[in-house]
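Working notes, beginning with the structure itself.
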Amino acid sequence: MNLLESKYTWLWVFLFAFVFCLFGNWSSIIYILDEAKNSEAAREMLVFGNLFQPTFNREIRTDKPPFHYFCMIIGYKLFGVNAFGARFFSALFGALTILSTYVFTKKHLGSQVAKITLGVLFSSFYFIQEFHLAVPDPYLIFWMSLAFFCYIEFYITQNKKILLLLYTAIGFGTLTKGPIAMVMPGLVAFVHLILYKKLNINILVRLKVFEGVLWVALISIPWFYFAHIYTDGVFTDGFFFKHNLGRFKGKMEGHGGMFLVTIGFVVLGMFPFCLWIFRALISGVKQKTRNIFVFYSALVVIVFVSFFAVSATKLPNYTMPCYPFIAILLGWWLCNVYNYQITVKGRHVEWIILMFIALVLPIGGYIGLSLDASLSAKKWLAIVLGFVPIGVGFAYSCFLKDLLKKSFLFLVATFMLLSMVLFGLIFPVLTKETPVEKYKELVETEVPVVVYKRMDAAFPINFNRTYKVVNSIEDVQLFFKQHPNGVVMTNTRNKKEINQLSIFKELFSQKSLFENHTTRVFGK
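Counting in this note's numbering, the sequence shown runs without a single skipped number right up to 612 at its last residue.
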């Protein structure tokens, strides 16, 4: 029996998506900066009981609201304070995102488009990677995409029951990442109603906007209020003004660039099928009077990308809530191509680009690992990626024979396998070369530790502790007087500060993965 044609299709889709998003989550330690800070803040909430006062290394952290922290706390209680516990609910919300995309797509565009949309999502390894991370974005992607789906569902069917789910999604989205969860659904709906010339008081009444705003406020405001009280206004000032308004008006932490950067992030996020996104988007825009759901999907993508293209701070994860709609556009367009309802001119261009990238992937990986002294011994990992150009080659050969569906399946299988190899083999091997792992090998974990100036953010969550930070050599010397067998660690980039530590014995130094800093550990 075809599982995608049974009455339990939704269950099979969810289970497969959950297992796929969960695969390898236990294999790699938490080492990426955002993962480390978010998972540690959740751990400190659990340990110290400060549910309204997020902290990292005992200092107030104003970056994010609490929803993902609360989910991680549940994960810690179920599975222990470890990488799997921190990432478990990210995978769950990834599966819910894929399921909701499938359900709404099947209802409005049919089973075939829904299946192809699933293939596009499963093969987008960068998108799938997000659900392997202990960060707030997996939760935001689900809540925001669900809000978009609920709005268009109401617009098409006028089913008022869906409005409760719409405003609930916005409320929990606000608890996940703040005002952006209200701004984007509202902005997309506004533009949509303007284009269809239906923005009037009657539609606002039918949408129950007043009741909806009240419900969103009831869900989200209490936590923000208590956070304001418990932190004496520090969280309110830091989160709303610095991390929301500040990020839009000015680039933060060096994450800026021209508008093409945002488009580049989208292309990277939905690779490999992103190469056909511009054809699909153009076709989707033309569906305004023919297919409301397809046109709305195109509108979500355009509004989302445009908004973050003009934002001063640019990060790859900002546009991810619109990725399900990119997949829908691609699923609809590819379905029409396979059924010969759309004729494609210059149809080899994207394949040539894809084949080139597939060939560069193992070669570039080999060269990149060879050039990094700490990772050169792991360059063999790049050779494993040799299956990617082979898989793309098979897919292209099927395409040349006009076996379009087989070509699609080869491409999906190749990049799903790439995800599994990355999460199950490559990342676990590479993370053995992180400062955290080297510390475990070379330093006794029970010895007293002090941090000079700054540290690799992965240390607190991996050792389940916080660290005292000192800012002068005199404080370091005092520490060694009190703890002769202790160690001091730092990842400062300041050469003068590093030279000041040369009076002590360097036990080891290790460059961080994918970041431009080195952890150095010293003994007396």
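Backbone N, C-alpha and C define an ideal beta-carbon position, used for all residues, glycine too.
Under the DSSP assignment, R131 falls in the alpha helix (DSSP H) whose first and last residues are 121 to 136.
A contact is defined here as three or more CB-CB pairs under 8 Å, and the segment 141 to 149 fails this definition with respect to the segment 189 to 200. Counting the other CB atoms within 10 Å of its CB gives Y164 a total of 16 or more, which places it among the buried residues.
In the assembly as shown, I161 is a buried residue. Its beta-carbon has 16 or more other beta-carbons within 10 Å.
Contact check between the segment 304 to 323 and the segment 256 to 270: three or more CB pairs, one atom from each, fall below 8 Å, which counts as touching. When DSSP assignments are scanned along the segment 202 to 238, the uninterrupted stretches of alpha helix (DSSP H) that are 4 or more residues long and fall wholly within it turn out to be 213 to 218. Going by C-alpha positions, K541 is about 7 Å away from T578. The three-state secondary structure of Y284, taken from DSSP, is coil. The C-beta distance from W364 to W420 rounds to 12 Å, too long to meet the 8 Å contact threshold. Counting only residues of its own chain and dropping the five nearest sequence neighbours on each side, L281 has a CB closer than 8 Å to the CB of L287, I291.
The segment 524 to 542 and the segment 466 to 477 do not touch, with fewer than 3 CB-CB distances between them shorter than 8 Å. DSSP links I148 through a beta bridge to T143.
Using a Cβ distance threshold of 8 Å, F219 and A179 count as a contacting pair. Boundaries of the alpha helix (DSSP H) around L251: 250 to 265.
The DSSP-derived three-state label of S199 is helix. C-alpha of Y255 to C-alpha of A235: approximately 7 Å in a straight line. Along the length of the segment 290 to 331, whole beta strand (DSSP E) runs at least 3 residues long do not occur. Listed in chain order, the non-local C-beta contacts of W98 below 7 Å within the same chain comprise L187, V191, local neighbours out to five positions each way being set aside.
Out of F108, S600, K584, I117, the CA that lies nearest to the CA of N550 is found in I117.
The C-beta distance from T205 to A415 rounds to 5 Å, short enough to fall under 8 Å. Segment contact: the segment 94 to 113 against the segment 493 to 512, three or more CB-CB distances shorter than 8 Å; contact assigned.
For the options P477, G434, I440, the alpha carbon positioned closest to that of I451 is the one of P477.
Secondary structure at Q375: coil, using DSSP grouped into helix, strand and coil. The DSSP assignment places 561 to 570, 583 to 588 as complete runs of the alpha helix (DSSP H) inside the segment 559 to 603, in order along the chain (cut-off: 4 residues). Listed in chain order, the alpha helix (DSSP H) elements of length 4 or more contained wholly in the segment 506 to 548 are 515 to 518, 523 to 530. Boundaries of the beta strand (DSSP E) around V609: 606 to 611. The Cβ atoms of F181 and P226 lie closer than 8 Å to each other. DSSP places H156 inside the alpha helix (DSSP H), whose first and last residues are 155 to 167.
Here DSSP, grouped into helix, strand and coil, assigns V271 to helix. By the Cβ neighbour-count rule, I268 is buried, with 16 or more other Cβ atoms within 10 Å of its own.
Within its own chain, the residues whose Cβ lies closer than 6 Å to the Cβ of C159, once the five positions on either side in sequence are excluded, are F177, listed in chain order.
Excluding the 5 residues flanking it on each side, Q375 has same chain C-beta neighbours closer than 6 Å at V382, F383, in chain order. Ranked by Cα distance from Q200, the options K493, F314, I390, P516 are led by K493.
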